[in-house]
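Numbering (the UniProt record's numbering) for the sequence shown: 1 to 74. Every residue, glycine too, gets a C-beta built ideally from N, C-alpha and C. Contents: one structure, followed by commentary.
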Amino acid sequence: MTEFGKTQLFKYGWTEGKGLGKNENGITKALKSKLKLNTFGFGYSNTEFQRWNFKNSFYIMINPKNLFGIRKIW
């Protein structure tokens, strides 16, 4: 636990060894953080990358029926 954290807790009446919370029944040890060593972002899934179908996407884009994103569904 850092000195800053300890000072803040002491300021609000906490004593070392007691739990946190109104009834002092919370955690007694400080949380440990883990160092993130990979460069993957939030929500990364280790699945195979799906290829973008350029031909179909281009057709949808140039088709006059799809102007302004309006498509006839039926």
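query                                                                         : result
Cα-Cα separation between residue 8 and residue 14, rounded to whole angstroms : 9 Å
Which of helix, strand or coil DSSP assigns to residue 62                     : helix
Per-residue DSSP class, three states only, for residue 5                      : helix
DSSP state of residue 57 mapped onto helix, strand, coil                      : helix
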